[in-house]
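Structure first, commentary second.
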Amino acid sequence: MKKFYSIVKIATDMTVNDSISTGIIVNDGSRLLFKFSDYKKSIAKKLFQSDSVDIDFAIKQLEKRIEEINKSLNLEV
Numbered sequence: 068m069k070k071f072y073s074i075v076k077i078a079t080d081m082t083v084n085d086s087i088s089t090g091i092i093v094n095d096g097s098r099l100l101f102k103f104s105d106y107k108k109s110i111a112k113k114l115f116q117s118d119s120v121d122i123d124f125a126i127k128q129l130e131k132r133i134e135e136i137n138k139s140l141n142l143e144v
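So the sequence shown is numbered by our numbering: it starts at 68 and just counts up by one.
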């Protein structure tokens, strides 16, 4: 696999294209790694205009998908 990283952002107000970076996904060439900042996640929840449960749900779904990808490659996170 090709090495890359991607910043994970949460849109706090889509009408003004506002977002906050809350985490990072990294491919080290053999597996995907992820890390989310609890501090930035708490800020996003305060700024989020809708239900903050959506933030936790989206992050859990992303973590689950990354784990599935790593398992399909016979790797552990």
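Using N, Cα and C, we set each Cβ at its ideal position, and we do this for glycine too.
- Around the beta carbon of alanine 125, fewer than 16 other beta carbons sit within 10 angstroms, so the residue counts as exposed.
- Scanning its chain for C-beta atoms nearer than 6 Å, with the 5 sequence neighbours on each side dropped, one finds around valine 93 the residues Tyr72 and Leu100, in chain order.
- If you draw a 10 Å sphere on the C-beta of isoleucine 74, you find fewer than 16 other C-beta atoms in it, and that means exposed.
- Residue state for aspartate 95 is assigned as coil, using DSSP reduced to three classes.
- Apart from sequence neighbours up to five positions away, the residues of its chain that approach isoleucine 136 with a beta-carbon distance below 8 Å are Leu99, ordered along the chain.
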